[in-house]
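Read the structure below first, then the notes.
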Amino acid sequence: MSEHLPALVLLAPLFGTLVIGLFGLRDHRVCLPVTLSCLAVSLFSAIGLILRVSSGGPVDYFMGGWEEPLGIGIQLRADAINSPLLVVIAIVALLAAVFTIRPAGERDSEKTPYFYILFLLLSVGLFGITITADAFNVFVLIEVTALSSYGLVAIGSSKRCKVAAFHYLIMGTVGASFYLLGVGYLYLKLGSLNMQDIHTILASNENLADSRAIRTAFVFILVGIWTKMAFFPLHGWLPNAYSYSPSGSAAILAPLVTKVSVYVMVRMMVSVFGLDQLEANVEWGHFVVWLAVIAIVAGSMMALAQREIKKMLCCLIIAEVGYMVGGAWLGDPQRWGMTGTLYHILADALMTSCLFLAAGVFAKWLGAVKLEDLSGLFRKMPLAATGFVIGGLAIIGVPPTCGFYSKFYLIRGGIESGQWIYVAALIGSSLVNAVLFFRLFEIAYFGKNPVASHAHGHGHGDDGHDHHETPVVRREPPLHALLPVLVAAALLILLGIFNGPVVEFIRTGLIETATVVSTGR
Amino acid sequence: MKAKIFASIAVVITGAILLYAVIDFPDFGDPGSPPNAGVPGGAPAASRYYIQNTYRDSKVPNLVTAVLADYRGYDTMFETVVILTAGISIFAILRVVRRDDDPSAPEPVASDRTIDGDHHRIIVGITCRIAAPLIQIFALYVVAHGHYSPGGGFQGGVMLGASFILLALSGSLRETLARFSERDYTRLAFVGILIYAGLGLLPMWVGRNFLDYGALSGLFMTKGEEMARSHSMLGVEIGVAITVMSIMFAMFANLSTRGRLQGGL
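As given, the protein sequences belong to chains A and B, one line each in that order. Going by this note's numbering, the letters in the first sequence line up with residues 454 to 974, in that order. Going by this note's numbering, the letters in the second sequence line up with residues 185 to 449, in that order.
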């Protein structure tokens with residue numbers, strides 16, 4: 454069975470979807486166990502893939518057995534770049550699924566099976582994008598991901614989330630179309646959709662790689678992916694879509710969708726167009742790094758201006774996307790920037806997961822939407838607050854959390870490539886994050902009694918009547934909501950402590966993929 | 185107004201970039217162009233392989249079907265999943281479940297009977313009622329002949345769905361729903377994917393890759409792997425058709441009644 458692991462990763466949630474669709478619509482109790490067990494199968498398959506990759510190099514899987522000649526069928530390929538991301542996707546999806554154990558108050562219970570169907574379809578899409586080695590297949594799975602995200606955003610009962618989903622739909626469709634146009638241009642010039650094949654052709658043929666159509670294709674693919682990842686000028690859809698969607702949806706959408714898009718960009722750079730090719734055109738890299746700097750600054754500034762917790766986190770995502778895009782384009786000879794980006798994809802997925810889960814807990818059990826609503830948090834929910842603090846420290850970049858190490862690698866890349874403006878933006882943004890989170894911690898620790906602000910108005914929570922009781926009551930959320938936050942926080946520290954092996958693993962894969970051009974034929 | 189100027193500038197720039205690259209394209213219909221002949225240094229062109237070997241591999245005369253249902257069947261499976269996802273998203277957003285939703289509830293006012301007076305309805309209704317089964321039979325032909333001639337699951341499925349939509353438009357949605365109920369179409373939408381993915385999963389029992397239909401020669405009792413591929417393609421097309429048909433009709437029913445599945449047009 455182990456040779457089927459690449460397919461199993463995404464087939465498990467796909468079949469889970471079918472089981473829920475056929476049985477779960479009648480009996481809602483089927484949904485959750487099926488979701489959890491499918492994601493667990495995916496997690497184990499992904500871990501199995503990491504083990505196989507670390508012992509024997511990249512694992513190829515040819516759909517339908519169409520192996521020779523390369524490019525007639527569809528190839529899946531798990532290597533050191535994407536197998537850690539597969540594990541992180543599975544973990545974050547599992548945590549979000551555990552978090553949704555009791556349907557959120559804002560969700561119509563009749564829609565529970567639809568929620569889980571869309572949830573699993575989203576995981577299928579994310580796994581598929583990550584593991585595929587076919588440029589067109591990426592587009593198909595981007596569609597699966599995008600459509601299920603629109604559904605997950607709009608499934609909430611408020612009107613605002615429908616508007617946000619519509620905005621997201623328009624922007625997402627534009628992004629996907631740009632990507633598709635780019636792939637079409639590539640196919641027209643190269644006659645192949647297989648990433649490995651395209652890479653070989655472009656590396657061996659200078660004229661072709663420099664031709665207008667290929668450059669245009671690259672620009673279109675990049676702009677399409679940037680729209681999908683909410684890179685600064687194209688970020689308009691993100692804050693509303695993620696902050697107005699139900700907490701269960703936001704817990705899987707916010708950490709994963711943008712990060713997987715960043716991965717697609719890196720994949721396109723590393724194993725489609727080739728890093729050597731990009732390093733030959735340094736001025737492009739400088740230009741994109743400037744864009745990234747603008748994104749970082751803009752994201753941080755917007756985050757400072759926000760009054761709502763989730764909105765603030767969304768703006769931080771925009772800044773983090775800036776880190777990753779900038780890091781990928783630094784173009785330093787040792788490729789520390791790219792390494793930092795790949796490590797930061799994993800770290801940021803977990804950080805965002807931790808923070809959004811915590812924000813979901815606060816919204817659901819404290820009715821906390823605005824920053825001030827968190828006052829007295831440490832007395833009410835010490836454990837959940839601890840998880841939130843660890844997530845915040847990771848975003849700021851305090852050791853030993855993984856946020857410190859990813860920033861370390863990114864800054865190292867920035868220094869080695871001489872992109873001082875990027876280094877400055879990164880450090881400045883960390884300071885802004887520190888300001889943001891310490892302001893939050895201050896409110897949460899020293900803030901006034903929450904009852905005072907809550908007794909009148911603010912009917913956010915399901916259990917608003919509880920606020921009239923004695924002010925300082927320790928009221929942890931139920932275990933199923935608390936556990937994901939704490940697990941995510943623990944993983945942040947673990948990923949930080951074990952950053953050495955993880956980075957080593959990623960780097961070997963990165964350098965292998967970037968240098969080995971014509972093998973595998 | 186400002187937004188319009190902004191949008192026009194963006195459109196002009198995008199168009200200019202697209203046109204800038206067009207000069208670089210191979211000639212239209214050039215047999216030596218990269219998609220047809222491949223590029224020196226790369227793998228041989230996939231299209232040339234398809235043209236030369238499809239009949240040998242799967243005994244399917246229609247290359248297009250072989251490419252989409254066999255060589256790149258994985259993509260097609262997910263295209264079908266995209267349709268399913270769209271349908272599920274629409275249910276999730278629109279569908280309103282009320283207690284008074286059961287069919288025995290009294291007909292709401294301003295229901296099916298007032299579109300344009302009854303006398304038009306008779307001619308249109310009867311014509312459409314006669315046409316619907318013919319459309320369906322033709323649709324089945326399109327599905328079943330997908331691997332011999334132009335056609336296939338998506339086209340056939342759309343026609344099947346359209347026949348139900350036609351019935352609902354010309355007669356009443358309520359009567360159509362009585363024949364093709366919500367429970368049926370939601371189930372069938374998943375059954376279609378299950379047929380596709382299940383046919384793909386079966387080869388994994390005997391240790392072959394996902395969607396490697398050649399391994400199903402025992403199941404279909406065919407002589408060689410080629411015929412097994414051909415039969416599986418038919419099965420896969422049927423799965424696609426079932427999903428597309430159900431989702432088409434489901435989208436119509438939900439959109440036209442704002443998710444209440446009552447009254448409607």
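Beta carbons are placed, not taken as given, at the ideal position from N, Cα and C, and that holds for glycine. A quick note: this is a predicted structure, and the numbers were derived from the prediction, not measured.
(request) Kindly indicate which three-state DSSP category ALA253(B) falls into: helix, strand or coil? (result) ALA253(B): helix per DSSP, three-state reduction.
(request) Evaluate contact between the segment 639-648 of chain A and the segment 597-617 of chain A, counting only Cβ atoms and requiring at least three cross-stretch pairs below 8 angstroms. (result) Contact fails: fewer than three Cβ-Cβ distances are below 8 angstroms.
(message) Can you look up ALA533(A) in the DSSP assignment and give me helix, strand or coil?
(response) coil
(message) Which same chain residues end up closer than 7 angstroms to ALA316(B) when comparing Cβ atoms and leaving out the 5 residues on each side of it in sequence?
(response) Excluding positions up to five away in sequence, the list reads SER347, LEU350, LEU351.
(request) Determine contact between the segment 338-346 of chain B and the segment 418-429 of chain B, defined as no fewer than three beta-carbon pairs at a distance below 8 angstroms. (result) yes
(message) Which residue marks the beginning of the alpha helix (DSSP H) containing PHE497(A), and which one marks its end?
(response) 484-509
(request) May I ask you to list the residues that DSSP assigns as paired with TYR514(A)? (result) Checking the DSSP bridge columns, you'll see TYR514(A) partnered with LEU529(A).
(message) Whole angstroms are fine: how far does the CA of GLU359(B) sit from the CA of THR298(B)?
(response) Summary for THR298(B): the model assigns pLDDT 48, below 50, so the residue's position carries little reliability; its value from the coordinates is reported in the next sentence. Roughly 15 angstroms between the two C-alpha positions.
(request) Flag this pair as touching only if the segment 214-233 of chain B and the segment 647-658 of chain A have three or more C-beta atom pairs under 8 angstroms; answer yes or no. (result) yes
(message) With distance defined between alpha-carbon atoms, name the residue in GLY474(A), PHE894(A), ILE623(A) nearest to SER828(A).
(response) PHE894(A)
(message) Cβ closer than 7 angstroms: which chain B residues qualify as neighbours of VAL597(A)?
(response) PHE262, VAL265, VAL266, THR269
(message) So LYS642(A) contacts chain B; which residues on that side make the cut at Cβ distance below 7 angstroms?
(response) PRO218
(request) Would you mind telling me which residues of chain B sit closer than 9 angstroms to ALA607(A), beta carbon to beta carbon, in chain order? (result) SER273, ALA276, ILE277
(message) Considering only the alpha carbon of each residue, which of GLY867(A), VAL926(A), PHE671(A) lies closest to ALA205(B)?
(response) PHE671(A)
(request) Verify the CB distance criterion: does ASN393(B) have a CB-CB separation below 8 angstroms to chain A? (result) Between ASN393(B) and chain A, the shortest Cβ-Cβ separation is below 8 angstroms.
(message) Please identify the residue among LEU830(A), ARG720(A), GLU596(A), SER806(A) whose C-alpha is closest to the C-alpha of GLY791(A).
(response) Checking the sequence, you will find Met at residue 791(A) rather than Gly. The option with the nearest alpha carbon to MET791(A) is ARG720(A).
(request) Using a Cβ cut-off of 8 angstroms, pull out every chain B residue sitting near ARG665(A), in sequence order please. (result) TYR204, ALA205, ILE207, ASP208
(message) Closer than 8 angstroms is the cut-off here; do at least three beta carbon pairs connect the segment 832-840 of chain A with the segment 857-871 of chain A?
(response) no
(message) Run through the DSSP bridge pairs and tell me what LYS823(A) is partnered with.
(response) GLU761(A)
(request) Please find out if some non-hydrogen atom of the ligand PLP comes closer than 7 angstroms to the beta-carbon of GLY881(A). (result) Questions concerning the ligand PLP fall outside what the structure shown contains, since it holds no ligand whatsoever.
(request) Leaving out five residues on either side along the sequence, give the residues of the same chain with a beta carbon under 7 angstroms from the beta carbon of ILE705(A). (result) Same-chain partners within the cutoff: VAL545, ALA546, ALA549, PHE572, LEU575.
(message) Could you give the first and the last residue of the continuous alpha helix (DSSP H) run that contains ASP368(B)?
(response) 366-389
(message) Let me make sure I understand the geometry here. Which of GLY408(B), LEU439(B), GLU421(B), THR406(B) has the alpha-carbon closest to that of VAL248(B)?
(response) GLU421(B)
(request) On a CA-only basis, which of SER882(A), LEU889(A), LEU836(A) is nearest ARG927(A)? Give me that one, please. (result) LEU836(A)
(request) State the start and end residues of the unbroken alpha helix (DSSP H) segment that holds MET411(B). (result) 409-440
(message) Please report whether the beta-carbon of MET185(B) lies at a distance below 8 angstroms from any beta-carbon of chain A.
(response) So, not an interface residue.
(request) Quick one: measure Cβ to Cβ for VAL710(A) and SER602(A), integer angstroms, because I've assumed they're closer than 8 angstroms. (result) 6 angstroms
(message) Suppose you measure from the CA of LEU489(A) to the CA of VAL390(B); what does that come to, to the nearest Å?
(response) 27 angstroms
(request) May I ask you to list, following chain order, the residues of the segment 369-390 of chain B that have a beta carbon less than 9 angstroms from some beta carbon of chain A? (result) THR370, ARG371, ALA373, PHE374, VAL375, ILE377, LEU378, ALA381, GLY382, GLY384, LEU385, PRO387, MET388
(message) Considering only their Cβ atoms, is the gap separating VAL462(A) from SER508(A) smaller than 8 angstroms?
(response) no
(message) Helix, strand or coil for THR585(A)? Go by DSSP, reduced to three states.
(response) strand
(message) Our contact map puts ILE678(A) next to VAL713(A) with C-beta atoms below 8 angstroms; I'd like the distance itself, whole angstroms only.
(response) Between the beta-carbon of ILE678(A) and that of VAL713(A) there is about 10 angstroms, and that puts the pair past the 8 angstroms contact cut.
(message) For VAL375(B), which residues in the same chain have their Cβ closer than 7 angstroms to its Cβ, ignoring the five residues on either side in sequence?
(response) ILE426
(message) Using C-beta distances below 8 angstroms, list every residue in its chain close to ILE950(A), excluding the 5 sequence neighbours before and after it, in chain order.
(response) PRO853
(request) Please confirm if ALA412(B) has its CB atom under 8 angstroms from at least one CB of chain A. (result) It does not: the Cβ of ALA412(B) has no partner Cβ on chain A nearer than 8 angstroms.
(request) Report yes if the CB atom of TYR697(A) is closer than 8 angstroms to the CB atom of ALA617(A), and no otherwise. (result) With contacts defined as CB atoms closer than 8 angstroms, TYR697(A) and ALA617(A) qualify as a contacting pair.
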